[in-house]
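Asker: Heads up: the sequence lines are chains X and A, in that order.
Residues in the first sequence are numbered consecutively from 2, following my numbering.
Residues in the second sequence are numbered consecutively from 3, following my numbering.
The beta-carbon is built from N, C-alpha and C at its ideal position, and this holds for glycine as well.
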Amino acid sequence: GESVGLHLPTLSVQEGDNSIINCAYSNSASDYFIWYKQESGKGPQFIIDIRSNMDKRQGQRVTVLLNKTVKHLSLQIAATQPGDSAVYFCAENKYNQGGKLIFGQGTELSVKP
Amino acid sequence: GAVVSQHPSWVICKSGTSVKIECRSLDFQATTMFWYRQFPKQSLMLMATSNEGSKATYEQGVEKDKFLINHASLTLSTLTVTSAHPEDSSFYICSARDLQHNVGEQYFGPGTRLTVT
């Protein structure tokens, strides 16, 4: 069935290093993805999105890459800071089903000072 | 802009009682709001899609008679957990779509922690 999943549940990086968080999906028709950051006890925050007509999109310190051939996307965080410590989710936006989101498993990012 | 609030932020109730959670879009109108449930160390699971003025659409496996959703206005949706039991203890999060902006983007509330004793 359709799913959006993550390769690793936890990721620990040194402050200042770059972080890469991965996400795999199974439905080749999926064409709109969003990355969210969720801090402990809070709701998810939008980070960046990407549609299938793009393979890369950049934001402030973040880059999302989409590889439709292998159905994989990644979130890269440059110069990771302690404030980046959180759980990161990729989600598929099913805009043809009222815009509901299907969330992946999540990766907990821990930044060591 | 695009702020979504939830009330209460946390609630403790006794088994068998009902509890209502409110989700409000503070500075925009939202014809569609979504309700999610999240257990510790797990992902968000969509429970239902709430459209203003119509019945909610529930995801498979979610009991509509247990989780009552009302979306009476463009800025307010409520989720009532009826006859709550300890297994309903969870983090409940709502989100809302802003009509004015990117149709795909949802804004999330801060969540409501429900503990059923």
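Between which residues of its own chain and R26 of chain A is the CB-CB distance below 6 Å, once the five residues before and five after are set aside?
Answerer: Mapped onto the second sequence, residue 26 of chain A falls at position 24. Correct list, in chain order: S7, T77 and L78.
Asker: Should I21 of chain X be flagged as near chain A, meaning a C-beta pair shorter than 8 Å?
Answerer: The residue given as residue 21 of chain X occupies position 20 in the first sequence. No - not a single Cβ of chain A is within 8 Å of the one on I21 of chain X.
Asker: If we cut at 8 Å on Cβ distances, does F90 of chain X have a partner in chain A?
Answerer: On the first sequence, position 89 is the one that residue 90 of chain X refers to. Yes, F90 of chain X lies at the interface with chain A (some Cβ there is under 8 Å from its Cβ).
Asker: Could you pull the DSSP bridge partners for V63 of chain X from this structure?
Answerer: Counted from its first residue, the first sequence places residue 63 of chain X at position 62. DSSP lists X:I78 as partners of V63 of chain X.
Asker: Quick one: grab the DSSP three-state call for S97 of chain X.
Answerer: Counting from one through the first sequence, the residue named residue 97 of chain X turns up at place 96. According to the sequence displayed, residue 97 of chain X carries Asn and not Ser. If DSSP states are grouped into helix, strand and coil, N97 of chain X belongs with the helices.
Asker: Hey, does F34 of chain X have any beta-carbon neighbour from chain A nearer than 8 Å?
Answerer: One-based indexing of the first sequence puts residue 34 of chain X at position 33. Not one chain A Cβ lies under 8 Å of F34 of chain X.
Asker: Rounded to a whole number of angstroms, what is the C-alpha to C-alpha distance between Q44 of chain A and L102 of chain X?
Answerer: Your numbering for residue 44 of chain A matches position 42 in the second sequence. Your numbering for residue 102 of chain X matches position 101 in the first sequence. About 15 Å.
Asker: Might you give, ordered along the chain, the residues of its own chain that have their beta carbon closer than 8 Å to the beta carbon of H9 of chain A, omitting 5 neighbours on each side?
Answerer: As a position in the second sequence, residue 9 of chain A is number 7, starting the count at 1. Cβ within range, chain order: I23, E24, R26 and T114.
Asker: Can you pull the chain A residues whose beta carbon is under 7 Å from the beta carbon of K43 of chain X, in chain order?
Answerer: As a position in the first sequence, residue 43 of chain X is number 42, starting the count at 1. The answer, in chain order, is P112 and G113.
Asker: What three-state label does DSSP hand D100 of chain A in the structure shown?
Answerer: Position 98 of the second sequence, counted from the start, is the residue given in the question as residue 100 of chain A. Coil at D100 of chain A, not helix or strand.
Asker: Alpha carbon to alpha carbon, how far is Y38 of chain A from E16 of chain X? Give it in angstroms, no decimals.
Answerer: Indexing the first sequence from 1 puts residue 16 of chain X at position 15. Indexing the second sequence from 1 puts residue 38 of chain A at position 36. For E16 of chain X and Y38 of chain A, the distance between alpha carbons rounds to 32 Å.
Asker: Enumerate in chain order the residues of its own chain whose CB-to-CB distance from H73 of chain X is below 6 Å, with the five nearest sequence positions on each side excluded.
Answerer: One-based indexing of the first sequence puts residue 73 of chain X at position 72. Answer for H73 of chain X: A25, listed in chain order.
Asker: Using the beta-carbon of each residue, which ones in chain X are nearer than 7 Å to Q31 of chain A?
Answerer: As a position in the second sequence, residue 31 of chain A is number 29, starting the count at 1. Going along chain X, no residue has its Cβ under 7 Å from Q31 of chain A, so there is no contact; the nearest lies around 15 Å.
Asker: So for D50 of chain X, helix, strand or coil by DSSP?
Answerer: To locate residue 50 of chain X, count along the first sequence from 1; it is residue 49. Correct three-state label for D50 of chain X: strand.
Asker: Since Q106 of chain X meets chain A, which of its residues come closer than 7 Å, beta carbon to beta carbon?
Answerer: For the purposes of this step, residue 106 of chain X is taken as the residue at position 105 of the first sequence. The contacting residues are S45.
Asker: Considering Cα atoms alone, identify which of A:I71, A:V118 and A:S97 is closest to V5 of chain A.
Answerer: Here residue 5 of chain A is taken as the residue at index 3 of the second sequence, counted from 1. Out of A:I71, A:V118 and A:S97, A:S97 has the C-alpha closest to the C-alpha of V5 of chain A.
Asker: If you drop the 5 nearest sequence neighbours on each side, which residues of the same chain put their C-beta closer than 6 Å to that of A146 of chain A?
Answerer: The structure shown does not extend to residue 146 of chain A, since chain A spans only 3 to 119, so no value can be given for it.
Asker: Between L67 of chain X and the ligand NAP, is there a pair consisting of the residue's CB and a ligand heavy atom that are separated by less than 7 Å?
Answerer: Annotation note on the ligand NAP: not contained in the displayed structure, which lists no ligands.
Asker: Go ahead and pull the three-state DSSP assignment for H8 of chain X.
Answerer: To locate residue 8 of chain X, count along the first sequence from 1; it is residue 7. Any reading at H8 of chain X must be qualified, since the residue scores a pLDDT of 48, below 50, and its modelled position is unreliable; no value is offered.
Asker: For chain A, is any of its Cβ atoms less than 8 Å away from the one on K129 of chain X?
Answerer: With chain X running from 2 to 114 in the structure shown, residue 129 of chain X is simply not present.
Asker: Quick one: using the 10 Å Cβ neighbour count with 16 as the cut-off for buried, is S73 of chain A buried or exposed?
Answerer: As a position in the second sequence, residue 73 of chain A is number 71, starting the count at 1. For the record, residue 73 of chain A in the displayed sequence is His; it is not Ser. Looking at its Cβ environment, which holds 16 or more other Cβ atoms inside 10 Å, H73 of chain A is buried.
Asker: Identify every residue that forms a DSSP beta bridge with L48 of chain A.
Answerer: For the purposes of this step, residue 48 of chain A is taken as the residue at position 46 of the second sequence. Note: L48 of chain A sits in a beta bridge opposite A:Y38.
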